[in-house]
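A.B. asks: Following UniProt numbering, the numbering of the sequence shown begins with 1 at its first residue and continues without gaps.
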Amino acid sequence: MGRPLIHTDDLNELVSQVTDLMSTHTVVPASAGGFSAEVFGFHLPGLSLLEMDYGIAVRLSADPLPSYVAVSLPLAGGMTAQHAGRRFDAVAGRSAVVGTPASELVMDWGEALRLLVLRIDLDALQSFAGRLVTTSPDWPDLRFDPVMDAPETMAVLGQARLMQQVLADAGPGAVNPLVTAQLSEQVMSTLLLGQPNSWMSALRHRPESVPRTTVSEAAELMRTHADEPLTVERVARAVGLSVRALHAGFRRELDRSPKQYLQHVRLERARADLVVAPAGSGVRVIDIAHRWGFSHPGRFATTYRHHYGEAPAATLARSPR
Numbered sequence: 001m002g003r004p005l006i007h008t009d010d011l012n013e014l015v016s017q018v019t020d021l022m023s024t025h026t027v028v029p030a031s032a033g034g035f036s037a038e039v040f041g042f043h044l045p046g047l048s049l050l051e052m053d054y055g056i057a058v059r060l061s062a063d064p065l066p067s068y069v070a071v072s073l074p075l076a077g078g079m080t081a082q083h084a085g086r087r088f089d090a091v092a093g094r095s096a097v098v099g100t101p102a103s104e105l106v107m108d109w110g111e112a113l114r115l116l117v118l119r120i121d122l123d124a125l126q127s128f129a130g131r132l133v134t135t136s137p138d139w140p141d142l143r144f145d146p147v148m149d150a151p152e153t154m155a156v157l158g159q160a161r162l163m164q165q166v167l168a169d170a171g172p173g174a175v176n177p178l179v180t181a182q183l184s185e186q187v188m189s190t191l192l193l194g195q196p197n198s199w200m201s202a203l204r205h206r207p208e209s210v211p212r213t214t215v216s217e218a219a220e221l222m223r224t225h226a227d228e229p230l231t232v233e234r235v236a237r238a239v240g241l242s243v244r245a246l247h248a249g250f251r252r253e254l255d256r257s258p259k260q261y262l263q264h265v266r267l268e269r270a271r272a273d274l275v276v277a278p279a280g281s282g283v284r285v286i287d288i289a290h291r292w293g294f295s296h297p298g299r300f301a302t303t304y305r306h307h308y309g310e311a312p313a314a315t316l317a318r319s320p321r
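1. Is it a yes or a no for the segment 62-76 touching the segment 120-131, going by three-plus beta-carbon pairs under 8 angstroms?
2. Could you tell me the boundaries of the beta strand (DSSP E) in which residue 220 lies?
3. Is residue 260 buried or exposed, if buried means 16 or more other CB atoms sit within 10 Å of its CB?
4. What separation, rounded to the nearest whole angstrom, lies between the Cα atoms of residue 270 and residue 291?
5. Using beta-carbon positions only, say whether residue 222 and residue 128 come within less than 9 angstroms of one another.
6. When DSSP labels each residue in this structure, what does residue 136 get in the three-state scheme?
7. Tell me, please, which residues DSSP counts as bridged to residue 107.
8. Exposed or buried, residue 211, counting other C-beta atoms within 10 Å across all chains shown (16 or more means buried)?
9. Terminal residues of the continuous beta strand (DSSP E) containing residue 26?
10. Run through the DSSP bridge pairs and tell me what residue 4 is partnered with.
11. From the DSSP output, read off the bridge partner residues of residue 88.
12. From what residue to what residue does the alpha helix (DSSP H) around residue 116 run?
13. Buried or exposed: which applies to residue 280, given that a residue is buried once 16 or more other Cβ atoms fall within 10 Å of its Cβ?
14. Quick one, are the C-beta atoms of residue 97 and residue 81 less than 9 angstroms apart?
Encoded structure:
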């Protein structure tokens, strides 16, 4: 679920602490009586994951969100929302609410509601969107339809749950930044490409033709900086392309995506480290895997075996004695 952030039965304390996590809002219980509210979560650069359970039915009213987009995904129960001129229901597993700076957000939470909120900084999201488009016109402010339907809801929820699992297994400070950067980009990409928004026509525009030399430059950048928190988005920006254009160029020239190419480079570097690891140094397979951005030992071992025909532990066992 995440790190415990709030646990209180005091309404004023609850509103004050959630305001610090999100922005100014009010909470009015639907009926008198006690409650026990809990909030768990993680914070990453530009993105927060917050799991909320208030234990009572409430009306929550928030001013137009000042600098972020909030995707509210019911995990259990449901609610009714009013936002951007729409009134609609959001129910666990079927729909969600996308809150933006467009207008006031009012939500009537059911007593059984348990909610997962993705808080994404608008600057980070719009900057990422700007690097996905294939041209650079003066596009309007990024705005989303407030109603997220079932396919997009399940896609975003699945990625959010994966992120929670990765962070919970290691703790946010211990997760390789290569991994968290990729997870954040996946969430933003799914939101931008799946949820109707003001930039969708530009995001879906056919990528421009990419010169072979630019693909070579991007590949060389990946090879020389593979040990850094290098994301596909950062590589595209460095060579002056959109992510989609870079993807199309890699597919045409190298028959693989930029992400697959970067993973292959890191896998080669991990094998090289395993081959030369000195005996008695205490170096473990998991240490080398983590260094090169593979946070899940089991998946690393499977991928390694598929490429090299043996387990990484077998390669390490043959290292110099």
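Glycine included, every Cβ here is placed at the ideal spot set by N, Cα and C.
Predicted model, so just to flag it, every value in this text is computed and none were measured.
C.D. replies: Judging by the given coordinates:
1. Output reads yes: the segment 120-131 touches the segment 62-76.
2. Careful: residue 220 lies outside any beta strand (DSSP E), inside the alpha helix (DSSP H) at 212-224.
3. With fewer than 16 neighbouring CB atoms inside 10 Å of its own CB, residue 260 falls in the exposed class.
4. In a straight line, the C-alpha of residue 270 is about 8 angstroms away from that of residue 291.
5. Their beta carbons are not under 9 angstroms apart, which means residue 222 does not touch residue 128 by this criterion.
6. Only weak support is given to the placement of residue 136: the predicted model assigns it a pLDDT of 48, under 50, and the question is left unresolved by the model.
7. Note: residue 107 sits in a beta bridge opposite 60, 81.
8. Exposed, since its Cβ has fewer than 16 Cβ neighbours within 10 Å.
9. 25-29 is the extent of the beta strand (DSSP E) around residue 26.
10. Paired residues: 40.
11. Beta-bridge pairing links residue 88 to 81.
12. Here residue 116 belongs to no alpha helix (DSSP H); instead the beta strand (DSSP E) covers 114-121.
13. So residue 280 counts as exposed.
14. Closer than 9 angstroms, so yes.
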